[in-house]
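Asker:
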Amino acid sequence: EAQVTQNPRYLITVTGKKLTVTCSQNMNHEYMSWYRQDPGLGLRQIYYSMNVEVTDKGDVPEGYKVSRKEKRNFPLILESPSPNQTSLYFCASSPRITDFGSYNEQFFGPGTRLTVL
Amino acid sequence: GEDVEQSLFLSVREGDSSVINCTYTDSSSTYLYWYKQEPGAGLQLLTYIFSNMDMKQDQRLTVLLNKKDKHLSLRIADTQTGDSAIYFCAGSIPRGNYGGSQGNLIFGKGTKLSVKP
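Same order as they appear, the protein sequences are chains A and B.
Each residue of the first sequence is one higher than the last, beginning at 1 in my numbering.
Each residue of the second sequence is one higher than the last, beginning at 1001 in my numbering.
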């Protein structure tokens, strides 16, 4: 089944304890992205990746790191989590974004609910 | 940059029509999208419209696009309790500098549709 998977689905942690949220897609998509969803703020993009070893900042990258060593995986790393990073996180992938005017359906993972105490 | 605005809540009775509205600032998006987020799940593409169209119909869904007013709407006919979800409109924005403009999606804050039996 074509899908985007995220792990863990739920995580409660404490301030300063490094964590990684994994994201994997089995559709051979080139483009991957991380969003956070907060009440009243909608979805905000954290980082995105156009292809292997190509990553760039989205709208809210502070406090996050990513890597794209393989096409299928795009982990989100919080080196020193803080309570303001408590949120619902979504990973998404897309076949390819060739140019601005292209059709662009993004496929989303089920989400990871993170609580930082 | 692109900004996408939606009202946050809509409540309707089962069997009525629902109309979810969206306004956007940048008229250069070639495609405009509607995504649906069911409780506890990620976003899924519901429908989309190409920017040179005024209307698109897909079973119970009708998308209207008024480019002059930069207004997009989603009408759901005969709304059912299973339609209760958060609906996001989205447009493309140019982002990145990898040999040209690549499109990323920017989402509105989402409209929570509640359907009462």
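For each residue, glycine too, the CB sits at the ideal point set by N, CA and C.
In whole angstroms, give me the CA-to-CA distance for B:I1106 and A:V14.
Answerer: Whole-angstrom Cα-Cα distance: 31 Å.
Asker: Are at least three pairs of beta-carbons, each pair with one atom in the region 34-47 of chain A and one in the region 1023-1034 of chain B, less than 8 Å apart?
Answerer: Because the criterion of three Cβ pairs below 8 Å is not met, the region 34-47 of chain A and the region 1023-1034 of chain B do not touch.
Asker: Checking contacts by CB at 8 Å: is A:N73 closer than that to chain B?
Answerer: Chain B contact via Cβ: absent.
Asker: Which runs of the beta strand (DSSP E), 3 residues or longer, sit entirely within the region 36-88 of chain A?
Answerer: Counting whole runs of 3 or more residues, the region 36-88 of chain A contains the beta strand (DSSP E) stretches 42-51, 54-57 and 76-78.
Asker: For a contact defined as C-beta to C-beta under 8 Å, what are the partners of B:F1088 on chain A?
Answerer: Those are G42 and L43, listed as they occur along chain A.
Asker: Indicate whether B:S1018 and B:I1076 have their beta-carbon atoms separated by less than 8 Å.
Answerer: Closer than 8 Å, so yes.
Asker: Distance check for A:S87 and B:S1051, CA to CA, integer angstroms please.
Answerer: In a straight line, the C-alpha of B:S1051 is about 33 Å away from that of A:S87.
Asker: Under 8 Å between C-beta atoms, does A:P8 make it to chain E?
Answerer: Within the model displayed, chain E is absent; protein chains A and B are what it includes.
Asker: Counting Cβ pairs closer than 8 Å, one from the region 68-88 of chain A and one from the region 16-26 of chain A, do we hit at least three?
Answerer: With the cut-off at 8 Å, the region 68-88 of chain A and the region 16-26 of chain A touch.
Asker: Have a look at A:V54, A:T112, A:G111 and A:P81 and flag the residue whose alpha-carbon is nearest the alpha-carbon of A:Y31.
Answerer: For A:Y31, the nearest C-alpha among the options comes from A:V54.
Asker: Run through DSSP, which three-state label would B:T1081 get?
Answerer: If DSSP states are grouped into helix, strand and coil, B:T1081 belongs with the helices.
Asker: Here's a check: name, in chain order, each residue in its chain whose Cβ is nearer than 6 Å to the Cβ of B:Q1112, leaving out the five neighbours to either side.
Answerer: Rather than Gln, the amino acid found at residue 1112 of chain B in this sequence is Lys. Once the five neighbours on either side are set aside, the close Cβ partners of B:K1112 are F1009 and I1086.
Asker: Report the CB separation of B:L1045 from A:E105 in whole angstroms; it is logged as a contact under 8 Å.
Answerer: So it is a contact: roughly 5 Å between Cβ atoms.
Asker: What is the DSSP secondary structure of A:V14, reduced to helix, strand or coil?
Answerer: A:V14: coil per DSSP, three-state reduction.
Asker: Measuring alpha carbon to alpha carbon, tell me which of A:W34, A:Y64 and A:N7 ends up nearest A:V21.
Answerer: Comparing Cα-Cα distances from A:V21 to each of A:W34, A:Y64 and A:N7, the minimum goes to A:N7.
Asker: The ligand FMN heavy atoms versus the CB of B:Y1033: any closer than 7 Å?
Answerer: Absent from the structure shown: the ligand FMN. Ligands present: none.
Asker: Less than 8 Å between the CB atoms is what I'm expecting for A:Q45 and A:D59, so what's the real figure, rounded?
Answerer: Their Cβ separation, rounded to whole angstroms, is 5 Å, which keeps A:Q45 and A:D59 in contact under 8 Å.
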